[in-house]
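K.L.:
Numbered according to the working numbering, the sequence shown spans residues 17 to 337.
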Amino acid sequence: MTRLKLKSSAKRALGIAVVVLLFLSIGLYSFIKIKSEKDYEKTYDYKLSTKGYNENDINLLKENYKDKEINYILEQDKNDIYTNILKDKMFIYNNFYDYLDYYSNNSTLSVREIVEKVNTKTNNAYYENSEQADTSKKELMLVNKYYYLDESYTPENIVSIPTTYAWGNFGDQQVTQSTYDAFLNLWNASHEAGFYLMVNSSYRTFEKQQSVYDEYKKARGTEYADSIAARPGYSEHQTGYSIDIFEKGYSKSNFSETDSYKWLLENAHNYGFILRYPEDKVDITGYDFESWHFRYVGVEAATYIYENNITFDEYYAYFVK
Ligand SMILES: [Zn+2]
17 MTRLKLKSSA KRALGIAVVV LLFLSIGLYS FIKIKSEKDY EKTYDYKLST
67 KGYNENDINL LKENYKDKEI NYILEQDKND IYTNILKDKM FIYNNFYDYL
117 DYYSNNSTLS VREIVEKVNT KTNNAYYENS EQADTSKKEL MLVNKYYYLD
167 ESYTPENIVS IPTTYAWGNF GDQQVTQSTY DAFLNLWNAS HEAGFYLMVN
217 SSYRTFEKQQ SVYDEYKKAR GTEYADSIAA RPGYSEHQTG YSIDIFEKGY
267 SKSNFSETDS YKWLLENAHN YGFILRYPED KVDITGYDFE SWHFRYVGVE
317 AATYIYENNI TFDEYYAYFV K
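1) Please list, in chain order, all residues of the same chain as residue 112 whose beta carbon is under 7 Å from its beta carbon, the five residues on each side excluded.
2) For residue 263 and residue 212, which I take to be in contact (beta-carbon distance under 8 Å), what is that distance rounded to the nearest angstrom?
3) For residue 139, I'd like the list of residues in its chain whose CB is within less than 6 Å of its CB, leaving aside the five on either flank, ordered along the chain.
4) Please state the DSSP three-state secondary structure of residue 174.
5) Which residue's Cα is closest to the Cα of residue 143: 165, 151, 126, 130?
6) Does DSSP classify residue 125 as helix, strand or coil?
7) So what's residue 182 in DSSP terms, helix, strand or just coil?
8) So, under 8 Å CB-CB, residue 175 and residue 191 are touching, yes? Tell me the CB distance rounded to an integer number of Å.
9) Straight-line CA distance for residue 274 to residue 220?
10) Starting from residue 292, trace the beta strand (DSSP E) in both directions and tell me its first and last residue.
11) Run the CB neighbour count on residue 207, radius 10 Å, all protein chains shown included, and call it buried at 16 or more, exposed below.
12) Short of 7 Å in beta carbon distance, which residues of its chain neighbour residue 155, apart from the five on each side in sequence? Order them along the chain.
13) Which one of 322, 284, 110, 62 has the shortest CA to CA distance from residue 204?
14) Between which two residues does the alpha helix (DSSP H) harbouring residue 301 extend?
15) Would you tell me roughly how many angstroms separate the C-alpha atoms of residue 167 and residue 249, rounded to the nearest one?
16) Do the CB positions of residue 308 and residue 201 come within less than 9 Å of each other?
17) Hey, could you find the ends of the beta strand (DSSP E) residue 312 is sitting in?
18) Residues bridged to residue 259 by DSSP?
19) Can you tell me whether residue 276 is buried or exposed? The criterion is at least 16 other CB atoms within 10 Å of its CB, across all chains shown.
20) Bridge partners of residue 164, per DSSP?
21) So if I measure from each beta-carbon to every heavy atom of ligand 1 and keep distances below 5 Å, which residues remain?
22) Straight-line CA distance for residue 234 to residue 241?
23) Considering only C-alpha positions, which residue in the set 100, 329, 243 is nearest to residue 125?
24) Rounded to a whole number of angstroms, what is the C-alpha to C-alpha distance between residue 232 and residue 225?
25) What residue ranges within the stretch 184–232 form continuous beta strand (DSSP E) runs of no fewer than 3 residues, ordered along the chain?
26) Grab the span of the alpha helix (DSSP H) containing residue 100 for me, first residue to last.
27) Would you kindly check if the distance between the Cβ of residue 109 and the Cβ of residue 75 is under 9 Å?
28) Excluding the five sequence neighbours on either side, which residues of its own chain have a C-beta within less than 6 Å of the C-beta of residue 280, listed in chain order?
29) Leaving out five residues before and five after residue 61 in sequence, what residues of the same chain have Cβ atoms less than 7 Å from its Cβ?
30) Classify residue 338 as helix, strand or coil using the three-state DSSP reduction.
Now the structure itself:
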């Protein structure tokens, strides 16, 4: 009898223990579940998905932006601009807010145009927010309407181009040694192709540019002078890496119609030169189309610029600066 009693009370205790354990597990399970749900709600995956971004977008945003940008995106309505700018091959992280600023005022522009304008600072007026050119970059230094050289800058290793290849007297046309060496290779290749190129303009001093600019300014005012000449310090010719070239017998007005120009378009990059102010990049370079103005930047940069149809201005922003 006692043994039976004991047995049944042990059974009951066991039963209670099982039930208690069961409740405990259910409780623990629910607790963990709720906690992990709460934790998930704190993640960017959850927050971005409730904003309407899909998995691909979320991964792209998380891979490329830091907390600051993601929190900013979460404060705004859903907009594809945040992922679309990332897909542009010239996207620069530090320009994030400038892209958005420019986009908010120019939402009809393509993403490529927005990235290109901001990267090249052409979202500013010419000469606005300009800074000193970094001459330590040598043939990759950028001089344009936003980057200037000071009065004292003269290129290192300047050499004179022999009159075989250049107009004027010996000493009139000068470039850096590296530009000259590359130019000789370019000249020889173009000569083999049946052309005779001549350098018409090259290294120009600050003072020379000053007198050219001032003359236009005196005659017809600043607006006119700005439209036709670079302000002193802002001319690429002061770098010693620029040349104006024509085929013998041609000039500014008709060089673009020649076969030698077409040959240069397709081949100059192999020798480290680029057409610096192309017809379809006027808004970016700030210069009207100049079929004659070539710039030495080295073969690697020239090839990239040629193959990707970008300007040196943007190449500089993405790769050099
Ligand atoms: Zn020029």
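Cβ atoms here follow ideal geometry from the backbone N, Cα and C, with glycine treated the same way.
P.N.:
A quick look at the data gives this:
1) The count along the sequence shown starts at 1 and reaches residue 112 at position 96. Taken in chain order, the residues that qualify are 85.
2) The count along the sequence shown starts at 1 and reaches residue 263 at position 247. The count along the sequence shown starts at 1 and reaches residue 212 at position 196. Right, the Cβ-Cβ distance comes to about 6 Å (below 8 Å), so this counts as a contact.
3) Sequence index remark: in the sequence shown, residue 139 carries index 123 (1-based). If we look at residue 139 and ignore the five residues flanking it on each side, its Cβ neighbours are 118, 133.
4) For the purposes of this step, residue 174 is taken as the residue at position 158 of the sequence shown. Looking at residue 174 - three-state DSSP - the assignment turns out to be strand.
5) Within the sequence shown, numbered from 1, the residue matching residue 143 stands at position 127. Here the closest residue by C-alpha is 165.
6) Counting from 1 along the sequence shown, the entry for residue 125 is found at position 109. Of the three classes helix, strand and coil, the one that applies to residue 125 here is coil, per DSSP.
7) The sequence position of residue 182 within the sequence shown is 166, counting from 1. The answer is strand: DSSP assigns residue 182 an E or B state.
8) For the purposes of this step, residue 175 is taken as the residue at position 159 of the sequence shown. For the purposes of this step, residue 191 is taken as the residue at position 175 of the sequence shown. About 7 Å separates the two Cβ atoms, so the contact holds.
9) Locating residue 274 in the sequence shown gives position 258, where the first residue counts as 1. Locating residue 220 in the sequence shown gives position 204, where the first residue counts as 1. Residue 274 and residue 220: Cα-Cα distance of roughly 26 Å.
10) Residue 292 sits at position 276 when you count from the first residue of the sequence shown. Looking at the DSSP string, the run of the beta strand (DSSP E) that includes residue 292 is 289–293.
11) Mapped onto the sequence shown, residue 207 falls at position 191. Its Cβ having fewer than 16 others within 10 Å, residue 207 is exposed.
12) The residue you call residue 155 lines up with position 139 of the sequence shown. Within the same chain, residue 155 has close Cβ partners 194, 257, 312, 313, 314.
13) In the sequence shown, the residue the question calls residue 204 occupies position 188. Here the closest residue by C-alpha is 284.
14) Looking up residue 301 in the sequence shown gives position 285. First-last of the alpha helix (DSSP H) with residue 301: 298–301.
15) Along the sequence shown, one-based indexing puts residue 167 at 151. Along the sequence shown, one-based indexing puts residue 249 at 233. Rounded to the nearest angstrom, the two C-alpha atoms are 7 Å apart.
16) To locate residue 308, count along the sequence shown from 1; it is residue 292. To locate residue 201, count along the sequence shown from 1; it is residue 185. Their beta carbons are not under 9 Å apart, which means residue 308 does not touch residue 201 by this criterion.
17) On the sequence shown, position 296 is the one that residue 312 refers to. Run containing residue 312: 306–312, per the beta strand (DSSP E) assignment.
18) In the sequence shown, the residue the question calls residue 259 occupies position 243. According to DSSP, residue 259 bridges with 310.
19) As a position in the sequence shown, residue 276 is number 260, starting the count at 1. Label assigned to residue 276: buried.
20) What you label residue 164 is simply residue 148 of the sequence shown in a count that begins at 1. 148.
21) 260, 309
22) Taking the first residue of the sequence shown as position 1, residue 234 is located at position 218. Taking the first residue of the sequence shown as position 1, residue 241 is located at position 225. Computed Cα separation, rounded: 9 Å.
23) Numbered from 1 along the sequence shown, position 109 holds the residue referred to as residue 125. For residue 125, the nearest C-alpha among the options comes from 100.
24) Taking the sequence shown and counting its residues from 1, one reaches residue 232 at position 216. Taking the sequence shown and counting its residues from 1, one reaches residue 225 at position 209. Cα to Cα, residue 232 sits roughly 11 Å from residue 225.
25) 190–192, 213–217
26) What you label residue 100 is simply residue 84 of the sequence shown in a count that begins at 1. 97–103 is the extent of the alpha helix (DSSP H) around residue 100.
27) On the sequence shown, residue 75 is found 59 positions in, with the first residue counted as 1. On the sequence shown, residue 109 is found 93 positions in, with the first residue counted as 1. Result no, Cβ atoms of residue 75 and residue 109 do not sit closer than 9 Å.
28) Taking the sequence shown and counting its residues from 1, the one referred to as residue 280 is at position 264. Once the five neighbours on either side are set aside, residue 280 has no close Cβ partner at all.
29) As a working mapping, residue 61 is identified with position 45 in the sequence shown. Once the five neighbours on either side are set aside, the close Cβ partners of residue 61 are 74.
30) No answer is possible for residue 338: the residues shown for the chain start at 17 and end at 337.
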